[in-house]
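There are 2 protein chains.
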Amino acid sequence: MAVIVALLLILYMSYRQIVRAYPQSGGAYVVSRENLGVNASLLAAAALMVDYVLNVAVGISAGIGALTSAVPSLHAYTLPLCLAVLALITLANLRGLQDAGRFFAVPTYLFVACLGAVLAIGIFKAIAAGGHPQPVVSPPHVPAATAAVTLWLLIRAFAAGCTAMTGVEAVSNGVDAFKPPVVKRAHLTLTAIVAILGVLLLGIAYLAPAYGIGAMDQSHEGYRSVPAQLTAAVIGQGAFFYVTVGSLLCVLSLSANSSFAGFPRLCRLVAQDGFLPRPFAMVGRRLVFSVGIWYLAVTAGALLVAFDGITDRLIPLFAVGAFLTFTLSQSGMVAHWLRGRRGKRGHRGSLAINAVGAVATGIATIVIIAAKFAEGAWITILVIPAVILLLKTIHRYYERLGEQLREAGPVDVHRGPPPLVMIATEGWNRLTDRALHVAMNWSPDVIAVHLTSLGGPDTDDDQKVLRRQWAKDVERPAKSAGFRAPKLVLLQAPFRRAHVPLLKLIEETQAEHPDRTIAVVIPEVVKQRWWQHLLHNHRAWRLRSALLRYCSDRVVVTTVPWHLEPPRVEEALEDEERRTAVRRA
Amino acid sequence: MAVIVALLLILYMSYRQIVRAYPQSGGAYVVSRENLGVNASLLAAAALMVDYVLNVAVGISAGIGALTSAVPSLHAYTLPLCLAVLALITLANLRGLQDAGRFFAVPTYLFVACLGAVLAIGIFKAIAAGGHPQPVVSPPHVPAATAAVTLWLLIRAFAAGCTAMTGVEAVSNGVDAFKPPVVKRAHLTLTAIVAILGVLLLGIAYLAPAYGIGAMDQSHEGYRSVPAQLTAAVIGQGAFFYVTVGSLLCVLSLSANSSFAGFPRLCRLVAQDGFLPRPFAMVGRRLVFSVGIWYLAVTAGALLVAFDGITDRLIPLFAVGAFLTFTLSQSGMVAHWLRGRRGKRGHRGSLAINAVGAVATGIATIVIIAAKFAEGAWITILVIPAVILLLKTIHRYYERLGEQLREAGPVDVHRGPPPLVMIATEGWNRLTDRALHVAMNWSPDVIAVHLTSLGGPDTDDDQKVLRRQWAKDVERPAKSAGFRAPKLVLLQAPFRRAHVPLLKLIEETQAEHPDRTIAVVIPEVVKQRWWQHLLHNHRAWRLRSALLRYCSDRVVVTTVPWHLEPPRVEEALEDEERRTAVRRA
Chain B
1 MAVIVALLLI LYMSYRQIVR AYPQSGGAYV VSRENLGVNA SLLAAAALMV DYVLNVAVGI
61 SAGIGALTSA VPSLHAYTLP LCLAVLALIT LANLRGLQDA GRFFAVPTYL FVACLGAVLA
121 IGIFKAIAAG GHPQPVVSPP HVPAATAAVT LWLLIRAFAA GCTAMTGVEA VSNGVDAFKP
181 PVVKRAHLTL TAIVAILGVL LLGIAYLAPA YGIGAMDQSH EGYRSVPAQL TAAVIGQGAF
241 FYVTVGSLLC VLSLSANSSF AGFPRLCRLV AQDGFLPRPF AMVGRRLVFS VGIWYLAVTA
301 GALLVAFDGI TDRLIPLFAV GAFLTFTLSQ SGMVAHWLRG RRGKRGHRGS LAINAVGAVA
361 TGIATIVIIA AKFAEGAWIT ILVIPAVILL LKTIHRYYER LGEQLREAGP VDVHRGPPPL
421 VMIATEGWNR LTDRALHVAM NWSPDVIAVH LTSLGGPDTD DDQKVLRRQW AKDVERPAKS
481 AGFRAPKLVL LQAPFRRAHV PLLKLIEETQ AEHPDRTIAV VIPEVVKQRW WQHLLHNHRA
541 WRLRSALLRY CSDRVVVTTV PWHLEPPRVE EALEDEERRT AVRRA
Chain W
1001 MAVIVALLLI LYMSYRQIVR AYPQSGGAYV VSRENLGVNA SLLAAAALMV DYVLNVAVGI
1061 SAGIGALTSA VPSLHAYTLP LCLAVLALIT LANLRGLQDA GRFFAVPTYL FVACLGAVLA
1121 IGIFKAIAAG GHPQPVVSPP HVPAATAAVT LWLLIRAFAA GCTAMTGVEA VSNGVDAFKP
1181 PVVKRAHLTL TAIVAILGVL LLGIAYLAPA YGIGAMDQSH EGYRSVPAQL TAAVIGQGAF
1241 FYVTVGSLLC VLSLSANSSF AGFPRLCRLV AQDGFLPRPF AMVGRRLVFS VGIWYLAVTA
1301 GALLVAFDGI TDRLIPLFAV GAFLTFTLSQ SGMVAHWLRG RRGKRGHRGS LAINAVGAVA
1361 TGIATIVIIA AKFAEGAWIT ILVIPAVILL LKTIHRYYER LGEQLREAGP VDVHRGPPPL
1421 VMIATEGWNR LTDRALHVAM NWSPDVIAVH LTSLGGPDTD DDQKVLRRQW AKDVERPAKS
1481 AGFRAPKLVL LQAPFRRAHV PLLKLIEETQ AEHPDRTIAV VIPEVVKQRW WQHLLHNHRA
1541 WRLRSALLRY CSDRVVVTTV PWHLEPPRVE EALEDEERRT AVRRA
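Order-wise, the sequence lines are chains B and W.
Counting in my numbering, the first sequence runs from 1 upward without gaps.
Counting in my numbering, the second sequence runs from 1001 upward without gaps.
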């Protein structure tokens, strides 16, 4: 326990430095990128991303563990309760939880006050009883040997410490969210977190053995979490007990919620550097990065389901990631100070602090991996490189895209021949008339492609009828309006795959006219209501997709819309104004 | 039981008439449409559609009931087993089960042979024992009073009879699937079905009370279906028992499968008349009407889940629909004969047969509704009008669509001014160069709309840089190539809703130039692989949808594609050839 508190102190000192050096928003990813290069930053990003996901699962699971300690009849519903809390947090974040801080402040203060009181009373009683106080409610008998229990307690405390340290990382990642004076406020927050945490951890470390409290297996009925046992032992299971446990649930949910602030921010930074898909960098409707939130919710939910809501086994994984991150950001700071101006006051001190931090967290990382390798740390060793590989693959794709699209200097424009315009349709009516009008005013070379799904003996007769009608209804009026008459091509288009014969025709036409653009005009009935999608067969959509996908860059596709009801542009504009108003409110 | 056999005989005679009169494909929908008008045909269609869905659920549930009678340890898995059989049947039908008949023929013959043998042996034993035979395996004790048991048995037999009668309807609906001579073969099939069914029903009716067999509640452990009890009682639970039960499962699945043949065919007929969405009339990749199959599978699956795989309660609903259908097709035939030539030989006889059929089935319908009103028949009374209302609403939509799009006589084309072309983009690169080229060769009036997501203090500087670059890289080369220089408009496009400022600009432009078409050119990186959809933000797609939806018919949208890899049209064509080859094989 003392080791953990020492580590916490070292981290506290080091992160003070980081906050001062990177007041815009420093986190391990930025610190490593600036000071250690791309690979180190990707390592940090991967470790952090994994940890954020684990943090959500572990935090919610622990919170529900506290709840089921107080209300044992809910134990059977551990997983549904976990998922419900996850859904609640996700929803709050998707809607842009601006007052998250204020919303969660009450239970946090309450929890600190309650547990502080419990610890104070407990320590008083323990000292008064000479180290062997009589619990008000006896903790359940834990059959395991004391050594094993202590080890387990240590690991749990360690995990709690890690979560708290992630809180430290969250502060350094979100410095720009503080009100000015930024650095001072961030420092104050850091101090408060670390001080409270240290006191609480030390108090529990002293009282748990004194009252004979051990950690229990959460998957068994009758599970009681350590803080719940402690509170019951010190002050009994009265109203105060329930208040303490309730605030504990809130605080643990809050620790999960911190991932929902941190993960999308981290993803945005990584996406802006081109290592994650661009949608991660896009602000959603409510000024939050919804893609990141969704991604976090789904993966954390999958973890909860996979582990049935009991995530003790994830804690070693979590610790590896956390300490890897700490080591990287400390090392980054060491590099930062080494590179910086030597003469500045306090420079050597800062360097020393971060160097000690880097070495300490580095050793901690190695110790955890070695000690917990078989218990799950090996998974992290596999997952983190896989994530890095993915990030690099994504980056390579965007690089290739950028190379192909790079700004081209002066535009190469020249007057070319007009395009060959093809109108693809299944029948002739007012909708296709509009398409003909657009096409004939675009180019003198218009080919009307009539896709028929006819077949059998009547085809020849039908074709004759169509051609006669075409001559009368289109060719004659076109000529008298001074146009070159459009050509009619009849294509047999079987069933759903109407695009195949058209693709063939375009291929042949392109081979004949390699220098000309081909513009395919598709008339389309616009679906203005959702149920209209069920009533049409989406041929226009399928045709357009196939043309874009399979034809060359010289084939452009134009949609001529037809509206059944007059379109209402006001709707879209008003909708936007309402949204803006909501955002402002 | 005698009543049911009588009804069966009447139906048999009447359907012989229908097959003869409508050798192309009769069925209640067509017969009512031709003879009784649209409303009657919709009533028939609604009743039939509901019944087809119920038939799938009831058939599969009964089949699994037979299976769990033989293997009681499977009873707990009734619902999963039902859904598995449903999935199997659906898959087989989606893949175009051409040899369904042959595939199912073996178990059908086997079942008829087995149950025939069981009945023969049973009747022989019963007569030998003077009406009170000793069962080999005693049927489980059924606590209910004999009267109630007999009533329940009657209802079950009735339901079985209904299912069989739906088989009769299926024959008349699918006459065109027979080989010539069509009418003769269809008559033979009808005769065979009715004869076999009559014999089996009478046999069970005689033996069940003789052996003291009663119907049991399928939802209880230890459930045994009536045929399973009977077989066990007559010949014991040897290998023959399992063969009989196995073939029973197959036959009941086959009866569910008949819906998968009938429902999509019916839906196609109704969709061709414009009362169902058009996709129902579209042949899928494997020459089956996949939309209808999917719809049937999903609704039947929902019913099975809702009733936990035990569908006894659905049987009254089913009976109402079935007899309503029979009544309508009989009445239709009566109208058919009344309208037909009087003098023809056998005319009076046919009329009499169908009239008796219409009256008998009409009375049966009323009796069922009255007797089973509280037990579920009232649901049918609600659902069928709702379905009719839906069908009519769909038809009204298509009628309105048709009116708006009706063939327009000679095309009204005239040489108009060239369109105003707008290029919507977020940056300038080789992709937008191609769009510029297309736009400038289309019209002298090109407006390049640059959608920026910039904001804050740097905006003005950025805009100056953009305008300077535009002058150098676009305006100058355009002018020297003899074009009018395109105009640059910078629009602040916030976040995801880039379309809103563009919609506003188009609104204003249209107000200024009410006579001109506006063509919006959108450059788009084509996604050629599925994972590319994850890596792009789909702005082009969102923009295009919004423009088509909210702007007037005078705004057309052109997509200029950009391919990261050379597109491979061969892929699409080869794919098609492979499919065609598969279809032919």
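We treat Cβ as the ideally placed atom computed from N, Cα and C, and that holds for glycine.
Predicted model only: the values in this text are computed from it and were never measured.
Under 9 Å from the C-beta of residue i: neighbouring residues of chain B
{"i": "LYS1487 (chain W)", "result": "By Cβ distance, chain B contributes nothing, its closest Cβ being about 14 Å from LYS1487 (chain W), past 9 Å."}
{"i": "TYR1295 (chain W)", "result": "Per Cβ cutoff of 9 Å: no residues; TYR1295 (chain W) is ~11 Å from chain B at best."}
{"i": "TRP1442 (chain W)", "result": "PRO418, PRO419, TRP442, SER443, ALA519"}
{"i": "VAL1556 (chain W)", "result": "ARG434, ALA435, VAL438, VAL521, THR558, THR559, VAL560, PRO561"}
{"i": "VAL1474 (chain W)", "result": "PRO410, VAL411, VAL413"}
In DSSP terms, what residue i is bridged to
{"i": "MET1422 (chain W)", "result": "W:ILE1447, W:VAL1520"}
{"i": "LEU1561 (chain W)", "result": "According to the sequence provided, residue 1561 (chain W) is Pro. The question's Leu does not apply to it. According to DSSP, PRO1561 (chain W) bridges with W:GLU1524."}
{"i": "GLN492 (chain B)", "result": "B:THR452"}
{"i": "LYS487 (chain B)", "result": "B:ILE447"}
{"i": "VAL555 (chain B)", "result": "B:ILE518"}
Neighbourhood of residue i by C-beta distance below 8 Å, restricted to the same chain and skipping five residues each side
{"i": "VAL1053 (chain W)", "result": "SER1259, PHE1263, LEU1296, THR1299, ALA1300, LEU1303"}
{"i": "LEU1043 (chain W)", "result": "SER1032, LEU1324, LEU1328, ILE1384, ILE1388"}
{"i": "VAL1489 (chain W)", "result": "ILE1447, ALA1448, VAL1449, HIS1450, LEU1505"}
{"i": "GLY376 (chain B)", "result": "ARG313, LEU314, PRO316, LEU317"}
Span separating the alpha-carbon of residue i from that of residue j
{"i": "ALA1498 (chain W)", "j": "GLU1508 (chain W)", "result": "17 Å"}
{"i": "ALA352 (chain B)", "j": "GLY65 (chain B)", "result": "41 Å"}
{"i": "LEU248 (chain B)", "j": "LEU1091 (chain W)", "result": "52 Å"}
{"i": "HIS513 (chain B)", "j": "TRP294 (chain B)", "result": "49 Å"}
{"i": "PHE1241 (chain W)", "j": "THR1191 (chain W)", "result": "28 Å"}
{"i": "ALA1232 (chain W)", "j": "ILE1010 (chain W)", "result": "33 Å"}
{"i": "LYS372 (chain B)", "j": "ILE381 (chain B)", "result": "12 Å"}
{"i": "LEU466 (chain B)", "j": "VAL474 (chain B)", "result": "11 Å"}
{"i": "GLY122 (chain B)", "j": "HIS1075 (chain W)", "result": "57 Å"}
{"i": "THR1108 (chain W)", "j": "LEU1115 (chain W)", "result": "11 Å"}
{"i": "VAL1521 (chain W)", "j": "PRO1419 (chain W)", "result": "12 Å"}
{"i": "ALA13 (chain B)", "j": "GLY59 (chain B)", "result": "The question names Ala, yet the displayed sequence has Met at residue 13 (chain B). MET13 (chain B) and GLY59 (chain B): Cα-Cα distance of roughly 25 Å."}
{"i": "VAL500 (chain B)", "j": "VAL1569 (chain W)", "result": "9 Å"}
{"i": "GLU1571 (chain W)", "j": "CYS551 (chain B)", "result": "11 Å"}
{"i": "LEU202 (chain B)", "j": "LEU573 (chain B)", "result": "59 Å"}
{"i": "GLU1047 (chain W)", "j": "ASN1257 (chain W)", "result": "Checking the sequence shown, residue 1047 (chain W) turns out to be Ala, not Glu. The alpha-carbon atoms of ALA1047 (chain W) and ASN1257 (chain W) are separated by roughly 18 Å."}
Cβ shell of residue i (< 6 Å), same chain only, five flanking positions each side left out
{"i": "ALA1126 (chain W)", "result": "PRO1133, ALA1210"}
{"i": "LEU1063 (chain W)", "result": "First, the residue type needs correcting, since residue 1063 (chain W) is Gly and not Leu in the sequence shown. Here the set comprises LEU1249, LEU1252, SER1253."}
{"i": "VAL245 (chain B)", "result": "ALA66, ALA70, ALA228"}
First through last residue of the alpha helix (DSSP H) which encompasses residue i
{"i": "ARG1250 (chain W)", "result": "For the sequence presented, residue 1250 (chain W) should be read as Cys rather than Arg. It spans 1239 to 1272 - the alpha helix (DSSP H) in which CYS1250 (chain W) sits, taken as one unbroken run."}
{"i": "TRP1294 (chain W)", "result": "1290 to 1306"}
{"i": "TYR397 (chain B)", "result": "378 to 405"}
{"i": "PHE1318 (chain W)", "result": "1315 to 1339"}
{"i": "LYS504 (chain B)", "result": "499 to 512"}
{"i": "HIS533 (chain B)", "result": "532 to 535"}
Neighbour list for residue i in chain B, Cβ cutoff strictly below 8 Å
{"i": "PHE1483 (chain W)", "result": "VAL413, ARG415"}
{"i": "HIS1450 (chain W)", "result": "Neighbours of HIS1450 (chain W) on chain B: none; closest Cβ ~13 Å, over 8 Å."}
{"i": "LYS1504 (chain W)", "result": "LEU573"}
{"i": "LEU1564 (chain W)", "result": "ARG400, LEU401, GLN404"}
Within chain B, the residues that residue i reaches when beta carbons sit closer than 7 Å
{"i": "GLN1528 (chain W)", "result": "ARG549"}
Proximal residues to residue i (C-beta, below 7 Å), its chain only, five neighbours per side dropped
{"i": "SER350 (chain B)", "result": "GLN17, TRP337"}
Neighbour flag for residue i against chain D, beta carbons, 8 Å
{"i": "HIS1187 (chain W)", "result": "Here chain D cannot be found, since the structure's protein chains are B and W."}
Contacts that residue i makes with chain W (C-beta to C-beta distance below 8 Å)
{"i": "LEU535 (chain B)", "result": "PRO1277, ARG1278, ILE1394, TYR1397, TYR1398"}
Residues that residue i contacts on chain W, provided the C-beta gap is smaller than 7 Å
{"i": "ASP553 (chain B)", "result": "ARG1434, PRO1561, TRP1562, HIS1563"}
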